[in-house]
Amino acid sequence: MSALDNPGDAAAFELFTWGPAYNLPSFDPFCLASIAYLQWSEVRWMVNECNNAAVSPRGELPMLRDGLLEPVVGTAKIIAHLKKKGHDLDQHLSATQVAECLAYTSLVEEKLYEALLFSWWLEAQNVMKSTRPTIAKSLRGWAGMRIPTQLQQKAEARLKKYRKVAYKGKETNEIYVLAREWYAALANKLGNQQYFFGDRPSSLDAVVFGHLALHCIPSLAEPTLFSILTFEFPTLHAYCDRLRTELFTAPLRQSPNHRPSYILTDMLRSPLTYARSLLDKLSGSVTVPAKEMKPKERRDQLVTIGSTVGAIAVFLGYVFYNGIVEIDTGEWQDGEKHNEE
Amino acid sequence: MPWVNPSTKLQNALPLKTHPAVFVPAAWPAEPAGVPILYIFPPSKQAITSVDAECVKYQAFLAFSNYKHTIQECHEPGMSPSGQLPFLIASDGRILTGRQIVEEVKNTAGDLESRLTDVERADLTSFTLLAETKLDFALLFTLWYDNRIRDTVTFPMYEALYPWPLNKILSRQIRAEKTEWMLSRKSVLKRDEILSDAKQALAALSTLLGSQLFFFGSKASFLDAVVFSYLHVILSQLALPGADVPLREAVMRHDNLVQYCRRVFNTFFALT
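Going line by line, the protein sequences match chains A and B.
Residue numbers for the first sequence follow this note's numbering, so the first one is -6 and each next one is one higher.
Residue numbers for the second sequence follow this note's numbering, so the first one is 20 and each next one is one higher.
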């Protein structure tokens, strides 16, 4: 069942992302920023949690597929592409504000991202107890064992230059001191406004939300960034919470192209998810977008699937129980003997 | 008299005899002179600004703040505690790098940014980081991956510091380090992409500057030091006779930035 079978889907954008974690649709801030931008721009789009960077020509996610055009990789490029297509959230900005938007975007994407990487991958407690298990669970299967290590190595290579410094009588890493400065810049810019540039969201809001939403996760083993945000910059924390409820009221629309993986570990780890993805694919029910399905339809569909599975199970049970079909193990032993001779 | 643990007593008695140290290296520099010393990567001939953007940044910042200091040339980044030039030996002998220099200068020579409002300060931080990420990356990429620049500017610059054959090895080692650094930030290095990032950053800075004397009014700030350092290095180092370097062309397109760079240089660094 490809996207082209349904004319409605052919026109829609498809975003390839890393999978959900921490009650957010993705554990990657760049994917999250793209999702936020797409949600605000009110286009028809669907999310494909492919969890596989190899689908993208540059080995990076997020990737946006727009029909048959060449896919667009990276948050900045995705936003630029959507602007070109007429979904521009920055229309109401003046020239100075566009310049500011760019500056704050680079602050968040280049620098605050490093603070997140540090807290996630260089704090031993977090790596062991929080990030690694959570992300492995989100990725499922073989990828879950491989990718967290890669992410950690990348973060280590990137954050080499940060040293330990004394801050308010305590020894702490330089990055947390700097992170406070960066948060302060964002908080001052935001002030008491609803969004960064007035009362309409801009691309900067999407980027800031994508990153900050992952900064304020209280369930980490060492939630340093979370405590800095809540205690020292409560406006930023409130901003994040508000946008989170605003953006994710309804579940995201899943892509019909999301294929179940046939790796054994997937079946073993979460048989339910696996079975559901298989059934979805077989029954073709996925052409009905999840957003538009009513609860009654959903129940009907579950009943149909359930009764079919039940009937097949009863039939197979009957067949084996009555000996209509027998799996003969004797033949196999004969074969073995034959080999020995 | 309180009871004392005998083991503590024994520990306090040790060592029984302390010999004088065999060799104590002299304090270096010889005496913590009253004047702080800034160690920078050597400038090219006939210039007092270093060829390295990071060093020019702090030179400019110290000049803006009227911080009294002398300059010492040094081409060994390993001398600095952070592994990166420049570093400052303060008047009391502390060795400072990066942000510590900024704090030290603010404490002793006065804060250039004290007159700014909170929002302006936030803009200052964000635009500083914009220049430090986008322009820095583009400059680094051009220095090491533009064939003509690499062969005529970068390699000779580093090779002049060491004798043959060490210079060939070390300069390539530096290049490998820089490449590794760049790859830790971007998974794919594409010339057009890096250049278009830099162009956007330049356009944003040009918009912010407008026709003002400095980025935030009539007085210089740390942002001015950062932007001046990159513009100056791009305009002076990447000037090749008879060849267009795309990054330099991109700067030349913004007239106010070029004028600004010239003005700052003439005010603070012109040899009299």
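Each residue gets a CB set at the ideal place from its N, CA and C atoms; glycine is no exception.
- Residue environment analysis places A:E42 among the buried positions, since at least 16 neighbouring C-beta atoms fall within 10 angstroms of its C-beta.
- At a cut-off of 9 Å between beta carbons, B:D142 contacts chain A.
- A:G137 is classed as buried because its beta carbon has at least 16 other beta carbons within 10 Å across all chains shown.
- If the five residues before and after A:A29 are omitted, its C-beta is found closer than 7 Å to the C-beta atoms of A199, F202, G203 and L240, all from its own chain and listed in chain order.
- Taking A:K157 as the centre and dropping the five residues before and after it, the same chain places the C-beta of E164, T165, N166 and E167 closer than 8 Å to its C-beta, in chain order.
- Beta-bridge analysis with DSSP links A:L295 to no other residue.
- Straight across, the Cα-Cα distance linking B:T173 with A:I210 is about 45 Å.
- When C-beta atoms of the region 190 to 210 of chain B are compared with those of the region 79 to 88 of chain B, fewer than three pairs fall below 8 Å, so the two segments do not count as touching.
- Taking a C-beta distance under 9 Å as the contact criterion, B:N186 and B:E178 qualify as a contact pair.
- DSSP links A:V66 through a beta bridge to A:M56.
- In terms of CA proximity to A:Y188, A:H85 leads the group A:G52, A:E53, A:H85 and A:T68.
- Chain-order list of chain A residues neighbouring B:A223: A92, L95 and A96, by C-beta distance under 7 Å.
- Rounded to the nearest whole angstrom, the CA to CA distance from A:D81 to A:K104 is 25 Å.
- B:I120 and B:L35 have their C-alpha atoms some 44 Å from each other.
- CA-to-CA, the gap between A:P244 and A:V40 works out to about 10 Å.
- Taking 9 Å as the cut-off between beta carbons, the residues of the region 223 to 251 of chain B near chain A are A223, L224, S225, T226, L227 and G229, in sequence order.
- The secondary-structure analysis by DSSP pairs B:L57 across a beta bridge with B:I90 and B:L107.
- For A:Y160, the uninterrupted beta strand (DSSP E) run begins and ends at K157 to Y160, by DSSP.
- The closest CA to that of B:I56, considering only B:D211, B:R118, B:P105 and B:K153, is found on B:P105.
- The alpha-carbon separation between A:V296 and A:N45 amounts to approximately 33 Å.
- In this structure B:T136 does not touch A:A92 by the C-beta definition: roughly 18 Å separates them, more than the 8 Å allowed.
- Taking 9 Å as the cut-off, the Cβ atoms of A:A206 and A:S123 do not count as close.
- CA-to-CA, the gap between B:E92 and B:Q103 works out to about 14 Å.
- In the structure shown, the three-state DSSP call for B:A141 is helix.
- For A:T10, no chain B residue has a C-beta closer than 7 Å to its own C-beta; the minimum C-beta separation is roughly 16 Å.
- With a threshold of 9 Å between beta carbons, B:E199 makes contact with chain A.
- Pairwise C-beta distances place the region 179 to 198 of chain A out of contact with the region 242 to 262 of chain B, as fewer than three of them are shorter than 8 Å.
- For the options A:P22, A:G12, A:A26 and A:A14, the alpha carbon positioned closest to that of A:P194 is the one of A:A26.
- In the DSSP assignment, the residues bridged to A:M39 are A:E7.
- B:N166 sits in a helix when the DSSP states are folded into three classes.
- Rounded to whole angstroms, the gap between the alpha carbons of A:V65 and B:L208 is 16 Å.
- Annotation for A:A180: F226, T228 and L229 place their beta carbon closer than 6 Å to its own, counting only its chain and skipping 5 residues before and after.
- Here A:E107 is not near B:T144, since their CB atoms are 9 Å or more apart.
- Within the same chain, and ignoring the five residues on either side of B:L154 in sequence, the residues whose Cβ sits closer than 7 Å to its Cβ are A217, A220 and Y249.
- In chain order, A14, Y15 and F20 place their CB closer than 8 Å to the CB of A:T127, counting only its own chain and leaving out the 5 sequence neighbours on each side.
- Looking at the DSSP output, A:Y188 sits in a beta bridge with A:G191.
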